[in-house]
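A quick write-up on the structure given underneath.
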Amino acid sequence: MAGSTLKATPLKKTTDSLRRYAALTTDAKQQHQSNSSAMDGHWIGGSVYPRKFMTTFMKVKGSVPTAKIRRMTFNAMPRNPARESDMYPHFKEAIEKSGLLPAHFFLEDTSSKGGDLRPDGTLSSRVFSLRSRSTKRKELVWEVKRLVNQDPYRTDYDKLEQFAVKVSTDSAAQTAGQLASYIATQFSQQHHTFVITLLICGDHCRFILSDRSAAVVTRHFNYRQNPEILGEFIWRFGQLNEPSRGFDHTAKVATPAEQKLLHSAIDAVALAHPTRTISDLADAKDSSATCYVMTAIGSDGVAHHCVVQKPHYYPSTFIGPSHRTFVCFDLTTNKLSLLEDFWVSTLNDPASRPCEATILEKLGAADVPHLAQLHTAGPVLNVNKQPQKTITQRQKDIKRSFCTTTLIEYSHYRSVHEVLFALSAVKHSRELVSALRDGLQCLKAAHATGFFHRNLTAHSIMIAPSGEGIVTRWTEGLAKVEQRTIAPYRMATYQFMSIMLAEKPDKCYEVIDDLESCFWVLLYWSIHHFKSNATMETVLMFDDLDDPKADNMHGGAKKRRFLQDNEISLTFDCSELQELVLNLWKLVRTWVIMYRLEPALQPAWLQDPAARMLQVFDDALAEEGWPDSDVLCDQFPPILETAYRNKERTEKETIAVSMSHTGAATFPQVQTSGGRKRRAQGEAPIDTSRSRPKKIQKPAAPVAQTAEASYSSANPRRSSRVTKVRSTIS
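1 is the number of the first residue of the sequence shown in UniProt numbering; add one for each residue after it.
Given below as structure tokens:
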């Protein structure tokens, strides 16, 4: 199999690329740290004075009420408070007494509201509309820190080249992480083009404007000595219309009748599929989220008005490309659908990296099967009928403004297509295999048409209500064009990345990288939702990195060991599923080892690995005896990393004590208990009762011969089945 000559696009390490499907979840503090790291180099500052910030980003009509603003004072705020909370009521009172805000704005102390994400306070408003009843909405986050040295940005403006250098103190880094987390939540749960934030550290105050490209940070000022600056900021914010405050004007609060249409449509689909566990539908009705009507317009000019509530897929950080998925009710077609909301780089070469709609159009024209039925797709327009784009990247060129990375412009884009379910909604193991077989056929045809997918994940292949597997999320799709402009970076999800990409992230992308990802997706869903001897150690294989603190995503050693063992260490109770996994295991291990050899030394099928892989799936599906209902709730829901590490440490200490007394010990396996929700809210129970995985005993053989010759031979089956297990900012 010949290697690709396409030049490589660098892989970008992000929180989502590592954590979205990770077995271990992080607590709020760890999330803040991750988000702080994600923002490294994306803080723009140095020359942005507070008044310049206001006249640039907060333009208003009319005269500034100078006399009223000058009466504002923050003298009541304690200068050396023992606790941050001592500052909140005085700050709140000073703004409320100033009378600078319209009556529908009010300040809230949210520091004790509970939950993982708790900014100190918010400036909220009551949204009044002819379309709906009054709705409370959080508009601006204000974060208060007790000390000046908790400010994560430089105050020494003689060394501006270091302005965006990573902060050096833990407390300052924590502040930066908190800000990034709060801003990310606003972007994910609300509908913004940008977000404005207020930061107070001791006597210092700063204004921040953030979008998908970067965050512009003003120079600090002393709000006690210059209260009129903060007063003007508050007044201007209250005078701005919604788009000028960063709200997307194409998303309007839904009426009660529109919300009822969404909920009724969701209930109808759930009722029509009683044997499916469709968590996405239940999440879409979350009453904690405000219901909106979002507009998507395609090239035909037809506007699709879609009722949405809570996204079931969204990024945990706000910097970089963004992808949110909503279950929606399309008021134009009167159908329950999926709305995809993207922010994509404008630097993409249209010849080699066209937008998703163009890719789907070309694949559809080539009769590529198992694609989503697209209802509409196109850019989201601003009030001037131009595509919405980020604005912060323009500030990097201002004299004496510094950031330490290349900033990218992003454009807003939306698509609406048929409703699909995650593969966790399958009825049984055969349906999972059939859906992935459909996905593989789609990828094979797409490759023949000249396109790679490049980011297959557990949610890139989904299932239609009919049971058909559908390949979605082509936003990282790449056309096979030899002469192309290299993008600054591309996104990839680490858990499903091919071994060769994990070992060499700058490797050129090839057909086998998409195909190998299919294998890891099958293994991932099978381990999570079907009975097996898998342990937590098996699940952690997907997350294995050489150095989690490094800037790259280099790893794959545990995956390679899993493939290169003389026999497979993982067994499933469903013998048909086990046989498929075993044959795919042999297939993938062959190309991982042999694909770089000269074609004469390779088995013939390696020249068309997709056809061979498809045949393995077809042979498995032709088997009789697949169970009618063997799907389980998630056997390995994410658990808190600190809880897992503490449990692991306790077990090691117990073993050490046991060995000191007896001279021998039995090593337990750490195992998570089942749970219906993929997203854990805290520590999950840990069960250590499972034994080590049994292995299928099979004589070792040369890799190429094993994969080629033994495929058609009889495969070991288990003689009997084991009894099935029963299965916030708005």
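Glycine residues also receive a C-beta, built at the ideal position from the N, C-alpha and C atoms.
Here the structure is a predicted model, which is why all the values come from computation and not from measurement.
By the three-class DSSP mapping on this structure, what secondary structure does residue i have?
i      : result
PRO50  : helix
THR122 : strand
GLU361 : helix
THR376 : strand
ARG560 : helix
ASP16  : helix
PHE329 : strand
LEU580 : helix
ILE686 : Annotation note: pLDDT 32 at ILE686 (below 50); position unreliable, coordinate value reported separately. Strand at ILE686.
ASP634 : strand
PHE91  : helix
GLY450 : coil
VAL269 : helix
TYR313 : strand
ILE527 : helix
MET613 : helix
ASN334 : coil
PHE233 : helix
ARG83  : coil
SER37  : helix
THR193 : coil
ALA600 : helix
PHE57  : helix
PHE496 : helix
ASN75  : coil
Which partner residues of residue i appear in the DSSP bridge assignment?
i      : result
LEU198 : TRP142, PHE207
PRO387 : LEU381
ASP109 : GLY121
TRP591 : Answer by DSSP bridge pairing: none, since TRP591 is not bridged.
ILE278 : DSSP lists no partner for ILE278.
LYS136 : ARG126
ASP341 : ARG324, ARG414
HIS305 : THR295
TRP43  : ALA215
MET462 : ILE470
LYS252 : VAL293
CYS639 : The question names Cys, but residue 639 in the sequence shown is Ile. ILE639 pairs with LEU24.
Within the same chain, show all residues whose beta-carbon is closer than 6 Å to that of residue i, passing over the 5 residues directly before and after it, in chain order.
i      : result
ARG414 : ALA296, ASP341, VAL380
THR15  : SER34, ALA38, SER316, THR317
VAL481 : ALA351, SER352
ARG137 : SER125, VAL127
MET72  : SER98, PRO227, GLY231
ARG679 : At ARG679 the pLDDT is 37, less than 50, meaning the model places this residue with poor confidence and gives no usable figure here.
Would residue i and residue j qualify as a contact pair, given that the criterion is a beta-carbon distance under 8 Å?
i      : j      : result
GLU503 : MET491 : no
GLN239 : VAL511 : no
LEU570 : ALA534 : yes
TYR292 : THR346 : no
LYS145 : GLY202 : yes
HIS312 : ASP283 : yes
TRP343 : ARG212 : yes
MET541 : PHE562 : yes
ALA464 : LEU420 : yes
ILE44  : THR392 : yes
MET553 : TYR494 : yes
PHE247 : HIS191 : yes
LEU515 : MET462 : no
ALA172 : PRO152 : yes
GLN309 : ASP286 : yes
Keeping to the same chain, check which residues put their C-beta closer than 8 Å to that of residue i; ignore five residues upstream and five downstream.
i      : result
MET54  : PHE207, GLU232, PHE233, ARG236
GLY675 : Because the pLDDT at GLY675 is just 40, under 50, the model does not fix this residue reliably, and the value given afterwards should be weighed accordingly. Contacts found: CYS633, ASP634, PRO637, ALA684.
SER434 : GLY467, GLY469, LEU621
ARG560 : ILE499, GLU503, VAL592
ALA487 : THR9, SER345, LEU347, ASN348, ASP349, ARG353
Within its chain, find whatever has a CB closer than 7 Å to the CB of residue i; leave out the 5 residues flanking it on each side and keep chain order.
i      : result
ARG70  : GLU228
HIS417 : SER337, LEU338, ALA372, GLN373, LEU374, HIS375
Next on the checklist: I want to know whether the region 32–41 touches the region 308–321 - three or more CB-CB distances under 8 Å.
Outcome noted: yes
Checklist entry - Does the region 16–23 come close enough to the region 170–183 that 3 or more CB-CB pairs lie under 8 Å? => result no
Checklist entry - Just checking, does the region 523–542 make contact with the region 466–476 on the three C-beta pairs under 8 Å criterion? => result no
Item to check | the region 422–436 touching the region 623–632, judged by at least three CB pairs closer than 8 Å | outcome: yes
Checklist entry - If you pair each beta-carbon of the region 454–464 with each one of the region 507–526, do three or more pairs fall below 8 Å? => result yes
Checklist entry - Does the region 438–447 touch the region 368–382, meaning 3 or more C-beta pairs lie closer than 8 Å? => result yes
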